[in-house]
Every structure is written in C-alpha cells, then in structure tokens.
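Okay, structure first, notes after.
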Amino acid sequence: MSKKHPIISVVGSSGAGTSTVKHTFDQIFRREGVNAVSIEGDAFHKFNRKDMKAELDRQYAAGNTGFSHFSYDANELAELERVFREYGDTGKGRTRHYVHDDEEAEKYGVPPGHFTEWAPFEDGSDLLFYEGLHGAVVNDEVNIAKYADLKIGVVPVVNLEWIQKIHRDKAKRGYTTEAVTDVILRRMHSYVHCIIPQFTETDINFQRVPVVDTSNPLVARWIPTPDESLVVIRFKNPRGIDFSYLVSMIDGSWMSRANSIVIPGGKLDLAMQLILTPMIERLVSESKRA
Ligand SMILES: Nc1ncnc2c1ncn2[C@@H]1O[C@H](COP(=O)(O)OP(=O)(O)OP(=O)(O)O)[C@@H](O)[C@H]1O
Ligand SMILES: O=C(CO)[C@H](O)[C@H](O)COP(=O)(O)O
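Just so we're aligned: 141 in the numbering used here is position 83 of the sequence shown, and the numbers increase by one with no gaps anywhere.
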C-alpha cells in the first residue's frame with residue numbers, strides 16, 4: 059500500500075475481461091483528470107512465444123505437466139513485485155509489452171510472440187494501473203497483493219470465461235477452437251493453484267453470470283451479451299459501501315448477501331463508475347495530501 063503513489067490492480071484469467079474493464083477505468087481517469095500509468099500482466103511473462111514452447115516441452119519431459127503461462131515460474135513475479143514496490147515508494151518504474159497479434163505488432167513495431175524493450179514510466183503520474191494474471195499473488199516468494207491499494211477481481215463463471223477466451227483467441231489471435239481447448243486444459247492445474255487464490259485477496263470481485271445456456275462452452279456460437287447476463291459484485295469489506303444508494307441507482311439490482319449486490323449485465327459500466335469513481339478520487343486526493 060502506498061498513500062503517495064497508489065496502485066490499482068485488476069486481476070483476471072486469460073479471457074476474463076480485464077482489458078475490457080480497463081476501458082471503464084480509462085473513462086473514469088479521463089473524466090476525473092487522473093494521469094494513470096498502465097501496465098499489462100503479460101509484459102511480465104518470463105518467455106517469448108518460441109522460448110515458452112521450448113520450456114513447455116522441457117517441463118513436460120521432466121514430468122511437470124502443470125506448467126503453463128498461469129504458473130508462477132513462467133512469469134517474472136519478483137520483477138512485478140519490485141515494480142509495484144518501486145512505484146509505491148517513488149512514483150517510478152518500468153514496463154514493456156508482450157505482442158500477441160498483428161495489430162499489436164503494428165502498434166509496437168515488434169513481431170507477434172515477442173516483447174518490446176523495457177521502458178521507464180513517464181514522470182508525474184497520479185497512480186499505477188495494472189491489469190492481468192498475477193496482480194494479487196501471495197506465495198512463498200512474493201507478496202504482490204500487499205503493494206496494491208485497490209484490488210479488483212474480474213471473474214466470469216468458468217464456462218463464460220472459456221467462451222470469451224475461445225472467441226477472442228480465434229477472432230484476434232488466429233487460434234483454432236481445438237488449440238484454445240488444449241491450452242485451457244493444460245492450464246487447469248495452475249489456474250487452480252496460481253489464479254484462483256488471488257480472488258480472496260481482491261477488494262471487489264465482479265463475476266459475470268450468463269442467463270442463457272452455456273452448458274457446452276466449446277461450441278457456443280457467440281459470447282453471451284451483457285443483456286444475457288447478470289453480474290455479482292462482492293465486496294471483501296462492505297463497511298462504508300452505500301448499498302441502498304447503489305440499489306436505488308442501478309435499475310433491476312438487488313442485494314444477494316450482506317456484502318454482495320447483483321446487477322443486470324448491461325449496467326456493469328454504470329455500476330463500475332458509481333462504485334469506483336469515489337474510490338479512485340479518494341486514492342488520488344489522499345496521495346496529493348501525503
Ligand atoms: N462484460 C462483457 N460483456 C460481453 N463481452 C465481454 C465482457 N467482458 C469481456 N467480454 C469479451 O470477452 C473477450 C475477452 O475479453 P478481454 O480481451 O477483455 O479479456 P482479458 O481478460 O483481457 O484477456 P487476456 O488477459 O488474455 O488478454 C473479448 O471478446 C471481450 O469482448
Ligand atoms: O493472454 C494470455 C495470458 O494472459 C496469453 O495466453 C499469453 O500471453 C500467451 O500468448 P500467445 O498465445 O499469444 O503467445
């Protein structure tokens with residue numbers, strides 16, 4: 059935690075929707091005049107695509123079939139922790155990009171499957187915004203969660219997460235359904251051991267739940283739309299959350315538990331703005347006073 063240089067960490071599995079949620083944060087930052095530095099979790103992979111394939115072959119040959127991009131040791135988590143700590147202390151840090159597809163290759167000038175060079179953050183930012191796989195990891199080696207001032211989990215129910223991943227990876231990254239299914243299977247061990255535990259560290263979880271049949275996610279022809287879903291929003295510490303205000307502002311919402319509210323999927327953007335804007339304002343105003 060850093061009062062002077064706050065950090066927001068949005069955590070989700072591959073295809074969960076963290077990049078989509080970033081758009082909502084960007085809107086809030088723009089509207090509130092907050093100058094945020096953004097970093098992506100995939101920048102902290104340990105291997106480029108070719109080296110990852112070789113490492114996977116090596117790990118499998120050694121009997122470690124649980125190894126995947128979700129695994130702690132496939133990522134530079136000590137570096138991510140160091141970047142969070144350095145930003146919290148000084149407002150400085152560095153990042154790079156992992157290029158997934160031709161569109162990003164065009165943008166960053168590096169072929170798909172490679173990293174750009176590390177580059178320092180611009181000076182004078184108000185906060186650091188992270189979105190990715192490991193922004194709330196706590197294990198024997200690192201404690202990334204403790205450096206983040208606001209931790210958000212983006213966690214669709216798993217069938218929906220798979221549908222979102224399959225559609226995105228096919229449409230944008232050139233993979234087949236079979237290839238993505240294989241990746242989902244290979245990542246299951248590390249999904250359970252490295253991704254899921256973070257959602258007990260997060261302050262707020264947004265869980266999208268489809269209300270259409272997703273019983274065979276591998277053949278779903280499209281991603282359930284916002285109107286075909288509900289979102290469960292769960293607050294780790296509900297003290298200070300004005301639930302009656304939220305329920306009155308968000309048409310069709312209700313409380314399902316003392317710390318949880320359910321909203322129609324189409325109201326996700328509104329709910330995020332209502333919930334997150336005052337939290338972001340508070341982080342920034344406290345940082346200016348610190
Ligand atoms: N609330 C939502 N409603 C409808 N579709 C969504 C929603 N959130 C995400 N999606 C869709 O799911 C797919 C995956 O979302 P996104 O790219 O944001 O995932 P991600 O978590 O950033 O994945 P990765 O970390 O692998 O890049 C996209 O096609 C996106 O449009
Ligand atoms: O989104 C991901 C993890 O968050 C990707 O699966 C990972 O970055 C590997 O990417 P690619 O298959 O394009 O090499």
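C-beta atoms are modelled at their ideal positions from N, C-alpha and C, and glycine is treated no differently.
Exercise for the section: State the Cα-Cα distance for the pair W312 and L326, rounded to the nearest angstrom. Expected result: Spanning the two alpha carbons is a distance of roughly 14 angstroms.
Exercise for the section: Assign S343 to one of two classes, buried (16 or more other C-beta atoms within 10 Å of its C-beta) or exposed (fewer than that). Expected result: By the 10 Å Cβ count, S343 comes out exposed.
Handout entry: Any non-hydrogen atom of ligand 1 closer than 8 angstroms to N77 Cβ
Key = Checking the sequence, you will find Ser at residue 77 rather than Asn. In this structure, the C-beta of S77 approaches ligand 1 to less than 8 angstroms from one of its heavy atoms.
Problem - Contacts around Q117, its chain only, beta-carbon distance under 7 angstroms, and the 5 residues preceding and following it disregarded - result: Closer than 7 angstroms at Cβ, skipping near neighbours: F125.
Exercise for the section: Please determine, among S72, A348, Q222, T123, the residue with the shortest C-alpha to C-alpha distance to E98. Expected result: Of S72, A348, Q222, T123, the residue nearest in Cα terms is S72.
Practice task
Locate the alpha helix (DSSP H) running through S345, then write down its first and last residues.
Solution key: Counting along the chain, S345 sits inside the alpha helix (DSSP H) bounded by residues 326 to 347.
Problem - Straight-line Cα distance separating N201 from P275 - result: C-alpha separation (whole angstroms): 34 angstroms.
Exercise for the section: Using three-state DSSP, classify L218 as helix, strand or coil. Expected result: L218: helix per DSSP, three-state reduction.
Handout entry: The beta strand (DSSP E) enclosing F105, as first and last residue numbers
Key = Boundaries for F105: no beta strand (DSSP E) harbours it, and the DSSP string shows neither H nor E there.
Exercise for the section: Compare the beta carbon distance of K230 and E161 with 9 angstroms and say whether it is the shorter of the two. Expected result: Yes, Cβ-Cβ distance for K230 and E161 is below 9 angstroms.
Exercise for the section: Pick out the complete alpha helix (DSSP H) segments inside the stretch 59 to 114, 4 residues or longer, and give them in chain order. Expected result: If only complete runs of 4 or more residues are kept, the stretch 59 to 114 shows the alpha helix (DSSP H) at 76 to 90, in order along the chain.
Exercise for the section: Confirm the yes/no value for this check: CB of V168, any heavy atom of ligand 2, distance under 8 angstroms. Expected result: No, Cβ of V168 sits at least 8 angstroms from all heavy atoms of ligand 2.
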